[in-house]
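Residue numbers (my numbering): 37 to 83.
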């Protein structure tokens, strides 16, 4: 599975009141890895 679904979750979070963590202006790869722990691939598809 591609990281794209997790990146989309991070982008959705970033649009809210509390933004997603960034590193060098980009979404943090560590945050994407965290989202992979929190959401199974099936759950990530539904978010």
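Ideal placement from N, C-alpha and C gives every residue a C-beta, glycine not left out.
Item to check | Any C-beta of chain E under 8 Å from that of residue 75 | outcome: Reference to chain E is not applicable here, since this structure consists of a single protein chain.
Next on the checklist: Distance check for residue 67 and residue 48, CA to CA, integer angstroms please.
Outcome noted: Reading the chain shown from its first residue, position 12 is the one you call residue 48. Reading the chain shown from its first residue, position 31 is the one you call residue 67. Looking at the two C-alpha atoms, the distance is approximately 13 Å.
Checklist entry - In whole angstroms, what separates the C-alpha of residue 53 from that of residue 46? => result Here residue 53 corresponds to residue number 17 of the chain shown, with the count starting at 1. Here residue 46 corresponds to residue number 10 of the chain shown, with the count starting at 1. Distance between the alpha carbons of residue 53 and residue 46 is about 13 Å.
Checklist entry - Tell me which same chain residues have a C-beta within less than 7 Å of the C-beta of residue 44, skipping the five on either side of it? => result Here residue 44 refers to the residue found at position 8 of the chain shown. Correct list: empty, nothing qualifies.
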